[in-house]
Every structure is written in C-alpha cells, then in structure tokens.
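All remarks here apply to the structure that follows.
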C-alpha cells in the first residue's frame, strides 16, 4: 500500500453527483451540464485524439482535467508539476481521476500508456490546495504494473466510500481491481481470470472498459477481437465474473450502459460506422443506427443521455457529438441523433472523458397521482444499496404528515400548487439529497348551470366545457355536449389528460307551453 500524506483533509458527501458535470475532450471541446442541459465550453486548452479525464467539485465547479500526459487546472493553465505523466493521448482510456476517499483536497490520477508501449499503469497525486488553490501534482508516475491494455474504469465500493479502479491485462483474460481508500492506493489487486483472452498487439488491446452506473456490471469492447463482453462485478470484493458477449462485423470501440443498467450500447468504428443496443436481461443485440462518421467513445451524462464521439480516419474531427436521447428505451425508441450537439469552436475526436461511473447513478424519485384530493405515491428510482430514506414534501400545512421515513410513501397534499419535494437516501450512514418539483393540479370545474324548469322549450343543449381528455354523461354519452329532451337529472364526469376528475349535475323539468293542446290518439 502507498500511503498519502493528507493536508487539510475535510469530509464531504461521497454521494455528491456533480463531479462529472464538466467535460473537456477532443480538439478543444467542452461541455458544462450544471444547468441540466449541456452548455458548450470553448475555453479548454487540450487537443487529444482519444482518452481524457476531468473532474469538478461537488458543486460542479471545474477542478482540473488531463489527457494522461499533461494536467490542466481550473484556469486552463498547465498545473504546477503537471507535465510528463506517463499516459498517452492515443490510449483509448488514458486515465481516470479518483478523489481520495474522505478528502476534498486530494486526488489520484491513474494513467494508462499507449498500446505500442509495454502497457505501464501508473498513478500520480494532486493536492488541490497548492499553488493558490489551483492545485499541483505532488507525487508523479508511481509505478503499479506493466502489461495493461488501454482500458480503465472506476466505481464506488459497496461501502460507498472507497473506489475500485479496474483494468484488463493484454494477452490473457485477467481483470485486476485496485482499491483506493482514505490511506491511498492498495497495490495488491483483486485478480479475476474470466472471459475471453485479450489480444496482445496494439490493435488487440484497444477499446473501452466501462462500469454500469450502479457498479454491478462491467462491459469491455475489444477492437482487435471485434467483440463486446459483459461481466458482473462484486462491489464488496472486487471480483469480476464473465457473463456473455457478442461478435461484431468490424472493430468495436466504445461501450456505455443506460443509467438503469438495462441496456448496453456499443460502437463499431471502422468502415461500417454503427451503434448497437444490447439488452442485458435478454442477451439480445440489435443495430440502432448507421452513422455518417465513425462513432467512437460513449459516455453517460448527468442528463441521463449518452453522448457519442464522432470522427473519421485518419484524424478528421467532427463539429458534432451524437446523442442517444432515451437510452432506457428499447430499439429505435432510444432516439439516436447523429448530429445531436454542435460543439462551437471545439470538435470531437474518438474519445470522451472517463469518470467514476457512480457519478451518473440517479438517486431521484418517481411519483404518480398529481390530482388534488387524491394521495400522491412516491418511489425511489434506484433503491439499490439504500438503507433508509427521509422525505420532506414541502407541505407544512400537513403537519407531521409533511415528513416520511419509508421507502415508498404516500402523501395527500393540502392544496393545489408546486411543491419542492426533497428525498434524502442513506447508504451506510452516508446521505445524498435530491429535489424535484411536484405539481399538484386543481380538479377540473364543470358547471352545467343551475337547475331549471323549462316551459315550452323542447330541448336544452348542455355543455361540459372544452379541453378535457374524456367526457362521460350519465347515459354513457362520450361527448362534450348533450341534448336533454326529458325531465330528469343529467350528470357528467370529465377527465383531464393528467387523470384528474371533475363532475357536475343538473335537474331539468320540461313543461309544455301554456295553452298547448294535447292530442289523444285512438
């Protein structure tokens, strides 16, 4: 184990989800997801064909970024002592940045060398308090091992504090899982020999390695073998167990899971230029897109979409990223757009940033029932690993019912309106909070008018009002209007598109006009 000297260590929530909100990649490309939708950044100083990494603080403010060889600080200057790292700009995944557990100031940069070299894996450490808060590399190129492929991915340990960093070796079927704790990098990895054997040549070791956001699965694209392989991962032990894989007609490069982990996407990046969708539960594989330019790396974003690097050979950049808009929907419904996001002054090459994938595991909630007077039910979107939950419904008029400590509560809101419902979930005593606005809708008001006695009027047209999704009169008539001709009570129920129900009724009495003659039939 290598121990780090900690300076000004402070604790922070390891569930903070904005560390992956700032991206720098490609030919001076950049994105900021802090507003919820990506804003193009044009201030990056990095041009890199493949692997890059970046990191923000828990509030989404940029800290630094790297191409595996040079580290740039938040002012887009070369960080103090930030040159000469032993990754490579043409390594598929040249590195990943890991915050030291229980510290907000210390970081570990893992770097992976280019395939034509001997596959050295190193790490360097950054103290962000140095150089006036711009950070400095304090330990550089600490050797871990040789024989690494151009693949690296990271995810949180089951304890939600430590971090697993996983690589695959070349010319064998060995995964190695290195644990990062508050004491530093544990230099003795967990070794898993499982799945197909990786190639040994430069082409054979290219392609991405990627965790699902929940950390339960690990996918690997192998460029030279024309394959994508899926394994399960034990977050408590670091063990990898092979599950299944697919062969493809040409070289595979990028892989990425949907946020819910139900689908995996893979890119074929040579002549065919294709994107495939793999159903994890059903072990099926479908082509979802043929692209105009070669699709490269894939990365799940804070907005739940998957962004696709685009390029052409030998080194032609693209002014657009592709976007898989609905990654959790099967088939064409995933809605891939080839020119999905214009990058302004920047451009895309093969790579997108590598992150700790846990940053993109949503801890939000779903709810049903938005009509005033009926209870609203709440469920946690991803309850995996959650020990307990605390809800605040932003409805103080409801008294003690404004709070709940169950996983799936109901709440009866006291008035129509907007409520900022807050959910805090706990995993091993560590909390993460999300807030969503819930709109409780007023019930539709239907007014058929006052009860009437009509003299000499043969009929009356009743109007239930415009704009409702459904109408149902007491005799089953489904229209907005109903023509009454007989004495009686007429009732109508209307339903809005949100399912809110309103109703009204009217009593009518029809009398013939005074002096009208009754005709008797024999």
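Residue numbers (this note's numbering): 2 to 523. Every residue gets a Cβ at the ideal spot worked out from N, C-alpha and C, and that includes glycine.
Neighbour-count burial assignment, residue i, 16 or more Cβ in a 10 Å radius
| i | result |
| --- | --- |
| residue 316 | exposed |
| residue 392 | buried |
| residue 512 | exposed |
| residue 246 | buried |
| residue 74 | buried |
| residue 406 | exposed |
| residue 459 | exposed |
| residue 144 | exposed |
| residue 291 | exposed |
| residue 194 | exposed |
| residue 49 | buried |
| residue 96 | buried |
| residue 68 | buried |
| residue 20 | buried |
| residue 482 | exposed |
| residue 282 | exposed |
| residue 89 | buried |
| residue 506 | exposed |
Simplified DSSP state of residue i, which is helix, strand or coil
| i | result |
| --- | --- |
| residue 359 | helix |
| residue 402 | helix |
| residue 214 | coil |
| residue 166 | strand |
| residue 138 | strand |
| residue 409 | coil |
| residue 206 | helix |
| residue 237 | coil |
| residue 190 | coil |
| residue 246 | strand |
| residue 303 | coil |
| residue 397 | helix |
| residue 90 | coil |
| residue 200 | coil |
| residue 290 | strand |
| residue 5 | Its pLDDT being 39, under 50, residue 5 is placed unreliably by the model, and nothing is read from it. |
| residue 522 | In this prediction, residue 522 scores a pLDDT of 44, lower than 50, which makes its location untrustworthy; no coordinate-derived value is stated. |
| residue 372 | strand |
| residue 131 | helix |
| residue 456 | strand |
| residue 16 | Residue confidence is low: residue 16 scores 37 on pLDDT, short of 50, so the model does not pin down where it sits. Its coordinate-derived value is still stated next. Reduced to three states, the DSSP call for residue 16 is coil. |
| residue 225 | coil |
| residue 96 | strand |
| residue 346 | coil |
| residue 333 | helix |
| residue 446 | coil |
| residue 353 | coil |
| residue 478 | coil |
| residue 121 | coil |
Chain D contact for residue i (CB, 9 Å cutoff)
| i | result |
| --- | --- |
| residue 394 | This model lacks chain D altogether, as it is built from one protein chain only. |
Candidates the options: closest to residue i by CA position
| i | options | result |
| --- | --- | --- |
| residue 412 | 380, 384, 385 and 389 | 380 |
| residue 323 | 236, 372 and 344 | 344 |
| residue 272 | 262, 249 and 443 | 249 |
| residue 532 | 224, 21 and 427 | The requested residue 532 is not part of the displayed model; the chain covers only 2 to 523. |
| residue 274 | 265, 152, 310 and 286 | 310 |
| residue 142 | 167, 87 and 212 | 87 |
| residue 419 | 442, 433 and 397 | 442 |
| residue 117 | 62, 206 and 183 | 206 |
| residue 100 | 76, 156, 113 and 428 | 156 |
| residue 279 | 335, 226, 439 and 64 | 335 |
| residue 251 | 215, 295, 282 and 265 | 295 |
| residue 153 | 340, 53, 139 and 242 | 53 |
| residue 395 | 85, 401 and 422 | 422 |
| residue 303 | 504, 61 and 42 | 61 |
| residue 63 | 77, 71 and 169 | 77 |
Beta-ladder partner(s) of residue i, from DSSP
| i | result |
| --- | --- |
| residue 182 | 185 |
| residue 424 | 392 and 435 |
| residue 323 | 309 |
| residue 65 | 56 and 74 |
| residue 296 | 311 |
| residue 491 | 507 |
| residue 462 | 484 |
| residue 108 | 100 and 127 |
| residue 285 | 280 |
| residue 380 | 367 |
| residue 157 | 164 |
| residue 23 | 33 |
| residue 220 | 211 and 231 |
| residue 471 | 496 |
| residue 144 | 123 |
Fully enclosed by the segment 25-56, which alpha helix (DSSP H) runs are 4 residues long or longer?
none
List, from N- to C-terminal side, the beta strand (DSSP E) runs of 3 residues or more that fit wholly inside the segment 250-281.
253-258, 264-269 and 275-280
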